[in-house]
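Student:
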Amino acid sequence: LLQDHQLHAAELERTFIAIKPDGVQRGLIAEIVSRFERKGFKLVAIKIVVPSKEFAQKHYHDLKERPFFNGLCDFLSSGPVVAMVWEGEGVIKYGRKLIGATDPQKSEPGTIRGDLAVAVGRNIIHGSDGPETAKDEIALWFRPIELVSYTSNAEKWIYEVN
Ligand code: GDP
Ligand code: MG
Numbered sequence: 077l078l079q080d081h082q083l084h085a086a087e088l089e090r091t092f093i094a095i096k097p098d099g100v101q102r103g104l105i106a107e108i109v110s111r112f113e114r115k116g117f118k119l120v121a122i123k124i125v126v127p128s129k130e131f132a133q134k135h136y137h138d139l140k141e142r143p144f145f146n147g148l149c150d151f152l153s154s155g156p157v158v159a160m161v162w163e164g165e166g167v168i169k170y171g172r173k174l175i176g177a178t179d180p181q182k183s184e185p186g187t188i189r190g191d192l193a194v195a196v197g198r199n200i201i202h203g204s205d206g207p208e209t210a211k212d213e214i215a216l217w218f219r220p221i222e223l224v225s226y227t228s229n230a231e232k233w234i235y236e237v238n
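Going left to right, the sequence shown walks through residues 77 to 238 as full-length UniProt numbering numbers them.
1) Taking only the alpha-carbon atoms, compute the straight-line gap between P156 and E231 and give it to the nearest angstrom.
2) Are P97 and S154 closer than 8 Å when you measure CB to CB?
3) Considering only their Cβ atoms, is the gap separating I93 from I200 smaller than 8 Å?
4) Can you tell which of E222, T209, F112 has the C-alpha that lies nearest to the C-alpha of I124?
5) Is H81 helix, strand or coil when you go by DSSP?
6) Since residue 239 sits in a beta bridge, which residues does DSSP pair it with?
7) What are the boundary residues of the beta strand (DSSP E) that includes L119?
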């Protein structure tokens, strides 16, 4: 049985998820949101934005030495992106599982990239890869006031509390 303070800690785990321009253009917003929602994770922030190239470079700063960096940043800033923060127990790691491997050719069926994408440079979704990047990416994309803390009515049916 989860104790009260454990549930609180679980609720505080948050990750940054973005539907990239290819996912938006292909009409996959609802499909992707639905997979996180049905799992039992809680949406605490969402907006649609066209990031500037400079912003994309900040978001992907860890990859600046990679040969695909410039094309990647051009692509991320080429159209609307749906930026989200999802909350829940294990959401950072499990969010990556829902997303699947970076290269959709290697993503398992049942994952978002495995089911819905083909090419590594058009893999439709981003998810933070750990607690530090989650924290940094949430702070890059959202102001604190844009994050909404609330109790979901379903919480007692998702977590083992009473
Ligand atoms: P992710 O965390 O699974 O998104 O993967 P990475 O952080 O390693 O890379 C960020 C994004 O860069 C990926 O989602 C891909 O869209 C893109 N990317 C990664 N590796 C390659 C590559 O070898 N070629 C191309 N064209 N794009 C890549
Ligand atoms: Mg990454």
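C-beta atoms are modelled at their ideal positions from N, C-alpha and C, and glycine is treated no differently.
Tutor: Let's see:
1) Taking the sequence shown and counting its residues from 1, the one referred to as residue 156 is at position 80. Taking the sequence shown and counting its residues from 1, the one referred to as residue 231 is at position 155. Those two C-alpha atoms are separated by around 31 Å.
2) Stepping through the sequence shown from its first residue, residue 97 is reached at position 21. Stepping through the sequence shown from its first residue, residue 154 is reached at position 78. Yes, they are a contact pair.
3) The count along the sequence shown starts at 1 and reaches residue 200 at position 124. The count along the sequence shown starts at 1 and reaches residue 93 at position 17. No, they are not a contact pair.
4) Residue 124 sits at position 48 when you count from the first residue of the sequence shown. When each option's Cα is compared against that of I124, the closest is E222.
5) The sequence position of residue 81 within the sequence shown is 5, counting from 1. Low confidence applies to H81: its pLDDT is 45, below 50, so where it sits in the model is not reliable, and the reading given next is rough at best. H81 falls in the helix class under three-state DSSP.
6) A query on residue 239 cannot be resolved here, the shown segment of the chain reaching from 77 to 238 and no further.
7) For the purposes of this step, residue 119 is taken as the residue at position 43 of the sequence shown. L119 -> beta strand (DSSP E) spans 118 to 125.
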